[in-house]
Amino acid sequence: MASHFAPQDDHAQSTPRSSSSSSAYSRSDVAAYAAARRGSGPRGRHTGRTVAIVVGVVLAVILVAGGTAGFLLYRSAMSVKAQASEIMGQTSTLTDSLKNGDADALSSSVDTIVEKTASIDAEVHTPLWNLATLVPVVGEDIRSAQTLGDAASDLVNEALVPVTKSISGMKLSDLLQDGTVNVGLVQALSTSLSDASPVIKSSADTIAGLPEAHIPQLADILTKIQEPLSKAQGAIDKMQPILDVLPQMLGADGQTRTYLVIAQNNAELRSTGGLPGSWGTLTVTNGKISMGDDFQTILHGDNFRVSATDDEISYICATIHTDPAQVNFTPDFTRVGELSREYWEQAGYGTVDGVIAIDPVFLQSLLALTGGFEAPDGTTVDGTNAATVLLSDTYWKFGNDGDAQDAYFSSVAALAFQNVMDNLGNADMKDLWKAVEQAGDQGRLQVWMASDDEESVMGTLGLSGALASDPSAPVLGVYLDDDTISKISWYTSAKTDLGEGTNNADGTTTYNVTTTVANTITSAEAAEAPTYISGGNENKRNVSDMLDYVYLYAPAGGSISNFSVSEGGLVGDVAPSDHEVYGLQVINAHIHARAGETVTLTYQVTVSAQAAEPLALRTTPLAQESLM
């Protein structure tokens with residue numbers, strides 16, 4: 001601000017003519033007026049000089065006062081800047097205290113922000129600042145600064161203070177303890193965020209509507225403040241619908257919600273992760289989570305027939321509607337959820353309000369936060385080995401005793417889930433959110449809800465597992481389904497390189513894509529492996545051979561072309577199929593690879609001219625993260 005006041009003062013002092021703006025008369029007008037009143041003799045000339053001197057003195061006083069005001073305003077602006085810096089300095093403290101549940105640090109930080117914000121708002125509304133609003137050009141910036149002060153005061157007192165007060169000192173243990181979610185706390189947080197949302201939106205709109213600033217420092221502040229405000233509003237817009245439905249999902253007001261939990265076994269790949277190797281329910285009443293006693297291995301029953309579509313039966317899996325073990329050949333988890341719910345009902349276990357699918361890699365990340373447990377055979381299962389125990393060690397330990405293996409997987413998965421529910425309250429909230437977010441991104445945690453409102457929230461959280469349907473945000477799907485009929489997928493490596501996009505004349509963009517699928521088992525391991533690992537598919541060329549179906553789903557509004565498979569990679573040299581499912585082009589290839597071999601798929605993906613983002617990838621989560 002100093003750069004806008006000091007030069008103006010200097011200019012005014014070196015150019016007295018600017019004083020004309022404060023009077024209707026010039027100095028010559030004053031002299032003529034004096035002469036007319038007193039005559040043009042020596043006395044008149046003396047009087048004229050006297051008047052000129054008086055006028056000069058008055059001008060000097062005005063200029064000195066203006067210079068003093070400019071200096072004082074400069075000092076005031078520097079004070080405002082210093083206090084604003086103190087507020088910005090509280091950002092990390094505020095964030096850390098919220099994450100760590102440090103009530104004292106949070107209170108101190110909020111008090112500092114409240115105090116400094118009030119001081120700034122008062123400072124920019126002093127008479128000195130009000131006077132400065134009359135200055136041409138710069139006055140507009142001063143008015144913007146005053147508006148900014150008002151907005152900051154509203155944000156702090158009507159949004160920050162109520163929200164932080166509602167969660168002050170809250171730790172994950174307060175939200176989840178002894179397997180019970182504090183529904184009342186969730187509702188309180190929902191109310192405070194709901195109240196804060198219009199304040200944040202109004203302030204953001206007000207600031208966004210301010211004219212472009214002339215003072216560089218103010219322009220910088222206006223630019224910087226809009227981004228965090230936008231993020232805050234975006235976060236609330238995202239969280240509010242979740243908090244609105246979360247109480248009912250947790251059985252608020254005495255209702256009981258029942259959810260089907262499916263543990264996917266990535267050692268035998270399916271599009272959404274792995275064979276649905278363990279099925280069971282959990283119930284929630286007033287936030288109290290209870291595991292059912294109905295956990296079992298792959299769902300068994302006679303005369304199953306669920307409502308799969310003709311396309312799903314013809315082009316995805318011929319038994320998807322009759323065999324629960326194949327329900328997740330489809331990569332669309334919204335369909336997996338619907339069909340799984342039907343299977344559970346047809347098996348005689350009643351209806352459920354939703355379906356939750358997890359895999360051992362996600363369980364391992366949760367056990368790293370909650371601590372481990374002892375399996376029935378005495379094995380310690382924790383955050384370092386859960387995936388290995390469940391997806392590899394189990395099958396080497398029990399050999400070809402399939403029933404024992406399935407029972408062990410089911411029991412350990414259930415124990416792991418129960419351990420997580422019992423001890424999750426002791427975890428760090430930041431670490432838990434990171435684990436859930438990563439699991440959602442990788443497809444290791446997927447949730448389907450029967451309620452449309454609740455299902456919409458799962459989509460917002462990135463947990464719905466729905467296929468992308470927006471041409472402006474193109475997603476290529478690359479999914480693997482085991483056909484070795486074994487647990488050899490522990491050794492599967494799969495990677496996809498999207499390449500650089502090439503712009504076409506019609507506005508579309510084409511990507512040269514390469515997908516490699518490798519079998520990392522060694523010949524020695526394959527020779528020693530039980531059949532439960534090596535597999536019994538009659539199309540195997542030797543004991544190490546691994547067979548998979550690869551499904552490529554084109555992005556919405558896009559296409560896949562020039563598809564080819566490396567020599568010897570196709571089973572029986574059967575040509576890949578090309579069909580439309582769910583409104584998307586789907587290519588299916590049946591491939592195989594012996595120990596140490598890699599099958600390479602090359603193809604081109606063209607995205608819609610509507611695409612506003614680069615091509616993204618969604619793929620099957622593998623048993624070993626390092627092989628993805």
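Using the UniProt record's numbering, read the sequence shown as starting at 1 and increasing by one per residue. Here a beta-carbon is modelled for each residue, glycine too, at the ideal position from N, C-alpha and C. Predicted model, so just to flag it, every value in this text is computed and none were measured.
So who's on the other strand from Met-546, going by DSSP bridges?
DSSP lists Ala-593 as partners of Met-546.
Return the first residue and the last residue of the alpha helix (DSSP H) that Pro-198 is part of.
Per DSSP, Pro-198 belongs to the alpha helix (DSSP H) from 183-208.
Confirm, please, whether the CB-CB distance from Tyr-549 to Ile-521 is below 8 angstroms.
Not closer than 8 angstroms, so no.
Locate the alpha helix (DSSP H) running through Gln-146, then write down its first and last residues.
From DSSP, the alpha helix (DSSP H) with Gln-146 extends over 138-155.
Considering Ser-534, what are the terminal residues of the alpha helix (DSSP H) in which it resides?
Unbroken alpha helix (DSSP H) run through Ser-534: 531-534.
Please state the DSSP three-state secondary structure of Asp-121.
Correct three-state label for Asp-121: helix.
Across which residues does DSSP place Ile-587 in a beta bridge pair?
Leu-552 and Asp-578, per the DSSP bridge assignment.
Beta-carbon separation (whole angstroms), Thr-606 vs Ser-559, contact threshold 8 angstroms:
Their Cβ separation, rounded to whole angstroms, is 5 angstroms, which keeps Thr-606 and Ser-559 in contact under 8 angstroms.
Alpha carbon to alpha carbon, how far is Lys-542 from Asp-323?
First, the residue type needs correcting, since residue 542 is Asn and not Lys in the sequence shown. Put simply, the backbone Cα of Asn-542 is about 28 angstroms away from that of Asp-323.
Considering Gly-477, what are the terminal residues of the beta strand (DSSP E) in which it resides?
475-482 is the extent of the beta strand (DSSP E) around Gly-477.
Does the Cβ-Cβ distance between Asn-400 and Pro-276 come in under 8 angstroms?
A distance of 8 angstroms or more separates the beta carbons of Asn-400 and Pro-276.
Does DSSP classify Asp-237 as helix, strand or coil?
The answer is helix: DSSP assigns Asp-237 an H, G or I state.
Under three-state DSSP, which class holds Lys-495?
The answer is strand: DSSP assigns Lys-495 an E or B state.
Near Met-546, what residues of its chain come up, given a Cβ to Cβ distance below 6 angstroms and the 5 sequence neighbours on each side ignored?
Only residues of its own chain outside the window of five on either side were considered, and among them Thr-484, Ile-488, Asn-519 and Ala-593 have a CB closer than 6 angstroms to the CB of Met-546, listed in chain order.
Can you check the segment 416-452 for any beta strand (DSSP E) of at least 3 residues that lies completely inside it and give the ranges in chain order?
Listed in chain order, the beta strand (DSSP E) elements of length 3 or more contained wholly in the segment 416-452 are 445-449.
Close Cβ partners of Ser-608 (< 6 angstroms) along its chain, the five nearest in sequence each way excluded
Result list for Ser-608: Pro-471, Gly-557 and Gly-558, in chain order.
Decide if Arg-341 is buried, meaning its Cβ has at least 16 other Cβ atoms within 10 Å, or exposed.
Buried.
Below 7 angstroms CB to CB, which residues in the same chain sit around Ser-230 once its five sequence neighbours on both sides are set aside?
Closer than 7 angstroms at Cβ, skipping near neighbours: Ala-204.
Assuming contact is defined by CB atoms lying nearer than 8 angstroms, are Val-574 and Ile-591 in contact in what I supplied?
For Val-574 and Ile-591, no; Cβs fall outside 8 angstroms.
Rounded to a whole number of angstroms, what is the C-alpha to C-alpha distance between Gln-610 and Asp-506?
Rounded to whole angstroms, Gln-610 to Asp-506 spans 11 angstroms at the Cα level.
Top-ranked residue by Cα proximity to Asp-515, from Thr-502, Val-478 and Phe-417
Here residue 515 is Thr; the residue named in the question, Asp, does not match the sequence. Of Thr-502, Val-478 and Phe-417, the residue nearest in Cα terms is Val-478.
Between Lys-201 and Gln-233, which are expected to be in contact by the criterion C-beta below 8 angstroms, what is the C-beta distance as a whole number of angstroms?
With 8 angstroms as the limit, Lys-201 and Gln-233 qualify as a contact, their Cβ atoms being about 6 angstroms apart.
Inter-residue spacing [alpha-carbon to alpha-carbon] between Leu-339 and Thr-330
The alpha-carbon atoms of Leu-339 and Thr-330 are separated by roughly 11 angstroms.
Identify whether Thr-502 lies in helix, strand or coil by the three-state DSSP scheme.
Thr-502 falls in the strand class under three-state DSSP.
Gly-568 classed as buried or exposed, judged by whether at least 16 other C-beta atoms fall within 10 angstroms:
So Gly-568 ends up on the exposed side.
Does the segment 266-285 touch the segment 391-408, meaning 3 or more C-beta pairs lie closer than 8 angstroms?
By the C-beta criterion, the segment 391-408 is judged to be in contact with the segment 266-285, since at least 3 inter-stretch pairs fall below 8 angstroms.
Through-space distance from Gly-179 to Lys-288, alpha-carbon basis
Rounded to the nearest angstrom, the two C-alpha atoms are 6 angstroms apart.
Would you kindly check if the distance between the Cβ of Asp-332 and the Cβ of Ala-466 is under 8 angstroms?
The Cβ atoms of Ala-466 and Asp-332 sit closer than 8 angstroms to each other.
Evaluate His-321 with the Cβ neighbour count: other Cβ atoms within 10 Å of its Cβ, from every protein chain shown; 16 or more gives buried, anything less gives exposed.
So His-321 counts as buried.
Counting beta carbon pairs with one atom in the segment 436-451 and one in the segment 355-365, are three or more of them shorter than 8 angstroms?
Look at the beta carbons and you see the segment 355-365 touching the segment 436-451: at least three pairs across the two are nearer than 8 angstroms.
Of the residues Leu-476, Val-183 and Pro-247, which one's Cα is nearest the Cα of Glu-613?
Closest by alpha carbon: Leu-476.
Thr-319 and Gln-326: beta carbons closer than 8 angstroms?
It is a contact, given that the beta carbons lie within the stated cut-off.
What is the rounded straight-line gap between the Cα of Pro-136 and the Cα of Thr-117?
Separation of Pro-136 and Thr-117 (C-alpha to C-alpha, rounded to the nearest whole angstrom) is 27 angstroms.
Should residue 636 be labelled buried (16 or more other beta-carbon atoms within 10 Å of its own) or exposed?
Residue 636 lies beyond the stretch modelled for the chain, which goes from 1 to 628, so this question has no answer here.
Distance CB(Thr-297)-CB(Ser-278) smaller than 8 angstroms:
Between Thr-297 and Ser-278, the C-beta spacing is below 8 angstroms.
When DSSP labels each residue in this structure, what does Ile-358 get in the three-state scheme?
In the structure shown, Ile-358 sits in a strand (DSSP, three-state: E or B).
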